[in-house]
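Novice: I'd like to ask you about the structure that follows.
2 protein chains.
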Amino acid sequence: MQILDYETYQQNVTNTAKATQMMQQNLDEQVLEIIRAVQERGDEAALAYTKKFDKAAITSLSVSEKEWNNAFNSIKTGQPKLFKALTAAAENIRQYQKKTKEEGFQFSPQPGIQLGQKITPLNRVGVYVPGGKASYPSTVLMDVIPAVVAGVDQVVITTPPRPDGSLDPVVLTAAKIAGATGVYKIGGAQAVAALAYGTESLPKVDKIVGPGNAFVARAKKWVFGDVAIDMIAGPSEICAFADNTVPPSYVAADLLSQAEHAEDATSICVTTDADYAEEVQKEIERQIPLLEREEIIRESIQANGKIIICDDEEQAIELINSIAPEHLQLMGEGAEEQVQKVKHAGAIFIGPYSSEPLGDYFAGPNHTLPTNGTARFSSPLGVYDFMKKSSTIHYSKERLLDYADTIITIADAEGLTAHANAIRIRKENNYASS
Amino acid sequence: MQILDYETYQQNVTNTAKATQMMQQNLDEQVLEIIRAVQERGDEAALAYTKKFDKAAITSLSVSEKEWNNAFNSIKTGQPKLFKALTAAAENIRQYQKKTKEEGFQFSPQPGIQLGQKITPLNRVGVYVPGGKASYPSTVLMDVIPAVVAGVDQVVITTPPRPDGSLDPVVLTAAKIAGATGVYKIGGAQAVAALAYGTESLPKVDKIVGPGNAFVARAKKWVFGDVAIDMIAGPSEICAFADNTVPPSYVAADLLSQAEHAEDATSICVTTDADYAEEVQKEIERQIPLLEREEIIRESIQANGKIIICDDEEQAIELINSIAPEHLQLMGEGAEEQVQKVKHAGAIFIGPYSSEPLGDYFAGPNHTLPTNGTARFSSPLGVYDFMKKSSTIHYSKERLLDYADTIITIADAEGLTAHANAIRIRKENNYASS
């Protein structure tokens, strides 16, 4: 794990300006071919890609009620501890998400004028859940529950099947606990295309959310605009700000938990104490060989692991804001005050015991978070992602006539004379009642 | 103006499923070339494209304080009525947008646990304002004010210059009234690229908003992910639901005001009264020749104008929800009750006097609205577009240890053992205070 000072770090960063979206065109040919095939040939193309990429020779993309219930019951009775843990996590997620649900409003700035905002759920949402060797029941809970809390009618999951055509029963169980209305055995760009444009089996949805590999991310970018998408997720990151009141073993364990996600994950420790930096580094080296996913972790830490020494807290906060980390742990003294100064971060974990996996699995706030500096402009996934707003405007005859000239003046200035006419016709020929 | 019944309309629509984003690849080669050139060569490329596309041989992209102030003063003294109208509109917009500003929250589900959501403004925003022959001061007000109300530090405008290198003084005046912090003479895909990646003159922004032509829309799609964007705007639409309590001349004038935007604008009247449909049609024909932008209007109405006759109110509302119109006018009896049944619409205008131009210019709610059916999943532009959320999580030592086993159980089930370890290390080696 590299230790470097603030200036050195900042110099390296500004030399590699981010233009990620422009750099990923290499996948476009393949992704576009898949999207077009699913658009044109529906289920048939979707099944063919599933055979090609997932090696699963299935004949139906839908998970039957029976298959779903069997999986649910097998986990409920066979793994009661896991079942209970998922149920408890779901309850926390539901509780937090309910707090984020917005209500519309109405107000009357003067008699005869009523303005408002109406907030309504989306009709149909698709949640992409990665599959293959991994199993992510937590992703199911985190992405489905906010949609259910929002009041979305249909919340369907797509996830790639295993070669024998089955799905992980834990994922299916989480889907039921979360309240999903359907599950489909399909992954990759073909899943995104099927959700965006609909097939014989899959409903056309209004929004696609959830993490996926590079193909999924790129396909989401292509269909964006025809459907909504949550965000284009990049590799995961953690930034932990700590001082010598925090056991270095805690900091090291948290950084390494991030590193196990993938070789391109980023783990950064920020501190103002050079001696402490060395202690964290030693702990990192001590713990790596003890961990199951040692190889991935070592590669990730070597490539992207950094301990950055800042002159003081002010500089550390400036650094954190420039990184805009997905996960930020404020672990040391004064953490509560530091929260106020943080401008950009996906989720902020406060104190030495708020370890990132607590948020990943259990606490309630979403673990689907903006990566790669996009916390500068994006939010955690939430109920607000599954609702949209409509403005309402009601003017009486009298009030419209009061302001008719003002409106006509602006319309004329823009050269939109038919706009002016729509107001003028009411002014000059006002025979209807309000 | 075509009159048709509900069934005929629905049949036509389902035969042309929307896959707009996939169909606009024809522009990509040119758009990508422009984006790459601006990324690589900055101002020099931006100035070259400005000369090529806007015929303006300028040497600086920035509008100077002097140029800006001169424009402002010339309108303030030379066109006092327009100046007053823009100021009044700005005040209404500000008042409405303030109502939509969200606050964060904190709650404690049990002692030792504190969860919350922190809401902060973006740092820098770019607003694209179309230029050329047209002048859109209302777009400036509508797009800049929500960002200013959100608390964004830098709100900059880009708009293409006229061939003599100048900008419309009315646009510059609106920019000052709205509270923009800078204006740049650049349009098209080159403006989007400059805002997304920064140049010597233009700041790299966090989000790009505002309407533009096909190049602008496509460039926004390409840079999306590296920066946030508002939406990919399509042609404008109106849908007016009316009955014989509403003068047909009002309905006609409103439909025609929409039609004057462009040949591809869509104007739809919905009614349950076949005789009334004929009256509206007659009014349309009567009014068209009286309007300045007759040619555009006639083409738009011929191509996309429709009066659709429904069996009853229920069917009409179903139709409206399937269209998810950008602008919806509920003009007839029972309008207030109909609002409750509308699921998808950008802005809803209630009653015979709430004509669309009232909302376009003056009432306060935003006129930047989701087009082309995207009201199914998108909202009007608002303060919420210029703020983002961070979750906060604070667990005490005791509470983390209470739930340690639950968290470890889920982490192990996902095979993420380093995640489990980060919790375990605190359980087994809990020597720090909370």
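From first to last, the protein sequence lines are chains Z and V. 1661 is the number that our numbering gives to position 229 of the first sequence; each next residue is one higher, with no gaps. 1458 is the number that our numbering gives to position 26 of the second sequence; each next residue is one higher, with no gaps. Ideal placement from N, C-alpha and C gives every residue a C-beta, glycine not left out. All figures in this text were calculated on a predicted structure; none of them were measured in a lab.
1. Does the CB of Z/Lys1508 have a neighbour CB from chain V at under 8 Å?
2. Decide if the region 1679-1687 of chain Z is in contact with the region 1650-1664 of chain Z; the criterion is three or more beta carbon pairs, one per stretch, under 8 Å apart.
3. Taking the Cβ atom as the reference point for each residue, do Z/Gly1737 and Z/Met1433 lie within a distance shorter than 8 Å?
4. Give the DSSP bridge partners of Z/Ser1732, in chain order.
5. Would Z/Thr1824 pass as an interface residue toward chain V - the criterion being a Cβ-Cβ separation below 8 Å?
6. Between Z/Ala1606 and Z/Pro1569, how many whole angstroms is the CB-CB distance? I'm expecting something under 8 Å.
7. Going by beta carbon distance, what residues of the same chain come within less than 6 Å of Z/Ala1674, once the five residues before and after it are set aside?
8. Any beta carbon from chain Z within less than 8 Å of V/Thr1838's own beta carbon?
9. Can you give me the C-alpha to C-alpha distance between Z/Arg1856 and Z/Thr1841, rounded to a whole angstrom?
10. Let's test the definition: count the other Cβ atoms within 10 Å of the Cβ of Z/Gly1619 and tell me whether it reaches 16, buried, or not, exposed.
11. Check this for me: beta carbons of V/His1826 and Z/Ser1786, under 8 Å apart or not?
12. What would DSSP say about Z/Gly1648, mapped onto helix, strand or coil?
13. Should the region 1802-1811 of chain V be called in touch with the region 1524-1537 of chain Z, which here means at least 3 C-beta pairs below 8 Å?
14. Find out if the Cβ-Cβ distance for the pair V/Val1602, V/Ile1507 is shorter than 8 Å.
15. Taking all protein chains shown into account, decide if V/Gln1734 is buried (16 or more other Cβ within 10 angstroms of its Cβ) or exposed.
16. Let me know the alpha helix (DSSP H) ranges lying completely inside the region 1768-1837 of chain Z, each 4 residues or longer, listed in chain order.
17. Identify the contact partners of V/Gln1462 in chain Z, using a Cβ-Cβ distance below 8 Å as the criterion.
18. Specify the secondary structure class of V/Ile1525 as computed by DSSP and reduced to three states.
19. Can you give me the start and stop residues for the beta strand (DSSP E) that V/Ala1709 sits inside?
20. Would the region 1537-1546 of chain V count as touching the region 1813-1832 of chain V if we require 3 or more Cβ pairs under 8 Å?
21. Verify whether the separation of the beta carbon atoms of Z/Asp1658 and Z/Ala1628 is less than 8 Å.
22. Starting from V/Gln1434, follow the beta strand (DSSP E) in both directions and report where the run begins and ends.
23. Enumerate in chain order the residues of its own chain whose CB-to-CB distance from Z/Asp1844 is below 6 Å, with the five nearest sequence positions on each side excluded.
24. Starting from V/Val1587, trace the beta strand (DSSP E) in both directions and tell me its first and last residue.
25. I want to verify the contact list: residues of chain Z whose CB lies under 7 Å from the CB of V/Lys1829, in sequence order.
26. From Z/Asp1475 to Z/Val1648, what does the alpha carbon distance come to, in whole angstroms?
27. Tell me the DSSP bridge mates of Z/Leu1762?
28. Taking only runs that begin and end inside the region 1588-1627 of chain Z, name each unbroken beta strand (DSSP E) of 3 or more residues, in chain order.
29. Among the residues of its own chain, which have a CB less than 6 Å from the CB of Z/Gln1622, if the five just before and after it don't count?
30. Check whether the Cβ of V/Asn1798 lies closer than 8 Å to any Cβ atom in chain Z.
31. Can you tell me whether V/Arg1468 is helix, strand or coil according to DSSP?
32. Got a sec: is the Cβ-Cβ distance from Z/Lys1487 to anything in chain V below 8 Å?
33. What residues from chain V crowd round Z/Asp1792, counting only those whose CB sits closer than 7 Å?
34. In chain order, what residues of the region 1805-1819 of chain V put their CB closer than 8 Å to some CB of chain Z?
35. Residue range of the alpha helix (DSSP H) that V/Leu1688 falls in?
36. If we call anything under 8 Å between Cβ atoms a contact, is Z/Ala1522 one with Z/Ile1609?
Specialist: Well, looking at it:
1. no
2. no
3. yes
4. DSSP, once it has assigned bridges, lists no residue as partnering Z/Ser1732.
5. yes
6. 4 Å
7. Val1683, Thr1703, Met1763 and Gly1764
8. yes
9. 11 Å
10. buried
11. yes
12. Reading off the sequence shown, one finds Val at residue 1648 of chain Z, where the question assumed Gly. Z/Val1648: helix per DSSP, three-state reduction.
13. no
14. yes
15. exposed
16. 1788-1793
17. Chain Z residues near V/Gln1462: none, gap ~15 Å exceeds 8 Å.
18. helix
19. Per DSSP, V/Ala1709 belongs to no beta strand (DSSP E); it is in the alpha helix (DSSP H), Ala1706 to Gln1719.
20. yes
21. yes
22. Gln1434 to Asp1437
23. Ala1852
24. Gln1586 to Thr1591
25. Tyr1785
26. 18 Å
27. Z/Phe1673 and Z/Ile1782
28. 1614-1617
29. Ile1466, Val1470, Ala1478 and Tyr1481
30. yes
31. helix
32. no
33. His1851
34. Thr1806, Ala1807, Arg1808, Phe1809, Ser1810, Ser1811, Pro1812, Gly1814 and Tyr1816
35. Pro1680 to Ala1691
36. yes
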